[in-house]
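In the order they appear, the protein sequences are chains V and Y.
Add 36 to the 1-based position in the first sequence for our numbering, that's all there is to it.
Going by our numbering, 9 is the number at position 12 of the second sequence; the sequence numbering is gapless.
Worksheet: the structure to be examined is printed underneath.
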Amino acid sequence: MKTPREVLLQRHQSIERKLDHVREHAIASVVEGREKPAEVATHRSSPLREFLLPLRWHLAGMTAAWIIVVLLNIDRPSNSPTAQEVSASPRQLLAELRENRRQILELVESSAVGADAEGAASLPAPAFVPRRRSDVQPACVVV
Amino acid sequence: MLVVAEREQLPVQAARAGSPEAWDILFKRYQLPLYVYVFELVHDEQASLDVVQEAFINAARYIGGLRDDAKFGSWLFGIAHQKCVQRWRTQKRDEDFREQLADSSDITSLHETGPLDIIIREEQEAEFMKLLNKLPARQRSVLLLHFIEDFSLEEIAEITGAQLGTVKSRMHYAKKALRKLLEETT
Chain V
37 MKTPREVLLQ RHQSIERKLD HVREHAIASV VEGREKPAEV ATHRSSPLRE
87 FLLPLRWHLA GMTAAWIIVV LLNIDRPSNS PTAQEVSASP RQLLAELREN
137 RRQILELVES SAVGADAEGA ASLPAPAFVP RRRSDVQPAC VVV
Chain Y
-2 MLVVAEREQL PVQAARAGSP EAWDILFKRY QLPLYVYVFE LVHDEQASLD
48 VVQEAFINAA RYIGGLRDDA KFGSWLFGIA HQKCVQRWRT QKRDEDFREQ
98 LADSSDITSL HETGPLDIII REEQEAEFMK LLNKLPARQR SVLLLHFIED
148 FSLEEIAEIT GAQLGTVKSR MHYAKKALRK LLEETT
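The structure is reproduced here in structure tokens:
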């Protein structure tokens, strides 16, 4: 009569020699690790590493999002003209100012003429005053 | 005789300090149980030896992350289990449906019996191993951890990364199947 543990371990007893070899190899790596304490220390106790490690997926996600945003901005150039495109030479500017002035003057003159015409049209009609009977000339002659 | 890791005086503190002698004691203590666990999951001698070696090297490298020295055994098995899971992922078998069935119920009072409650006669040994290999890998994993190191359900949940209820359920179905077979062979 055996327990399951005994059955299981006895079935694999023959592998012990190979396992000893595995153990020796692992111990050798432990000794190797002791010879490089600085490297181990950086692996174990870097506070920055400890802080960033749990956040690595969040940081990766945010980085990916920003990359997408930047790529979209590069792919779609802006339609609004830049300041350089808007700026004109002084000569052009002067011509445009003159043209503007001329248009304003035209507008002012036309509005003045319009106002006169409008003023005349808007005078009130003279009130009707009947003449005296003696002033009235007969329109027909009696023969 | 069953040796329970938590009751042993293992030189974990010295190993943490980097003593090769301490590591030798720890590795010697766990090398065969760990190999048996891995082999019964992956069924490949060379792969099992590789997993054991990787588990040892990782244990030596990350011993600083172990909070409770008494849990060295379950922590080491957890490392080896993760290595096995990586292998499962590459060669996943058609066992999901059975797993879902096994996980669907929550069994609450299973751990009242220890691993010694199943006694195997010599003529049953081959059948016992045959049945063990027939079990879905996740049930097999739970049963092996229970048999080999008498880990508690909580420890098995930590090692396998599964919920406690799931571990209970897997244990229930695995034990039930095992008992059935042992009754049939008597």
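For every residue, glycine included, the Cβ atom is placed at its ideal position computed from N, Cα and C.
| Is there at least one Cβ from chain V nearer than 7 Å to Y27(Y)'s Cβ? | no
| In angstroms, rounded to a whole number, what distance separates the CA positions of L7(Y) and A56(Y)? | 14 Å
| request: Determine which residues of the stretch 59 to 74 of chain Y have a Cβ less than 9 Å from any Cβ of chain C, and write them out in chain order. | output: You won't find chain C in this structure, because its protein chains are V and Y.
| Looking only at C-alpha atoms, which of F74(Y), I54(Y), S166(Y) sits nearest to H61(V)? | I54(Y)
| task | Compute the Euclidean distance between the alpha carbons of N109(V) and V139(Y), then round it to the nearest angstrom. | result | 53 Å
| How is I51(V) classed by DSSP in three states: helix, strand or coil? | helix
| query | Are the CB atoms of L107(V) and L29(Y) nearer to each other than 7 Å? | reply | no
| said: For a quick check, are the C-beta atoms of V186(Y) and R84(Y) less than 7 Å apart? | reply: Here chain Y covers residues -2 to 183 and nothing more, so residue 186(Y) does not appear.
| query | Hey, is Q43(Y)'s beta-carbon within less than 7 Å of any beta-carbon in chain V? | reply | no
| message | Tell me the DSSP secondary structure of I104(V) in three-state form. | response | helix
| request: Quick one: grab the DSSP three-state call for I116(Y). | output: coil
| task | Starting from L132(Y), find everything on chain V with Cβ-Cβ shorter than 7 Å and list it in chain order. | result | In chain order: nothing, as chain V lies at least about 13 Å away.
| Would A99(Y) count as contacting chain V if we go by Cβ distances under 7 Å? | Residue placement at A99(Y) cannot be trusted, given a pLDDT of 44 that sits under 50; what the coordinates show is reported in the next sentence. It does not: the Cβ of A99(Y) has no partner Cβ on chain V nearer than 7 Å.
| By how many angstroms is the C-alpha of V82(Y) removed from the C-alpha of L55(V)? | 21 Å
| task | Would you kindly work out how many angstroms separate the C-alpha atoms of L113(Y) and R26(Y), rounded to a whole number? | result | Its pLDDT being 47, under 50, L113(Y) is placed unreliably in this model, and the value from its coordinates should be taken loosely. One C-alpha to the other measures close to 21 Å.
| Neighbouring residues, chain V, relative to Q50(Y) (Cβ below 8 Å) | V58, H61, A62
| request: Compare the C-alpha of R47(V) against each of G158(Y), L73(Y), F36(Y) and name the closest. | output: F36(Y)
| request: Output the distance between the C-alpha atoms of R86(Y) and A134(Y), rounded to the nearest integer angstrom. | output: 12 Å
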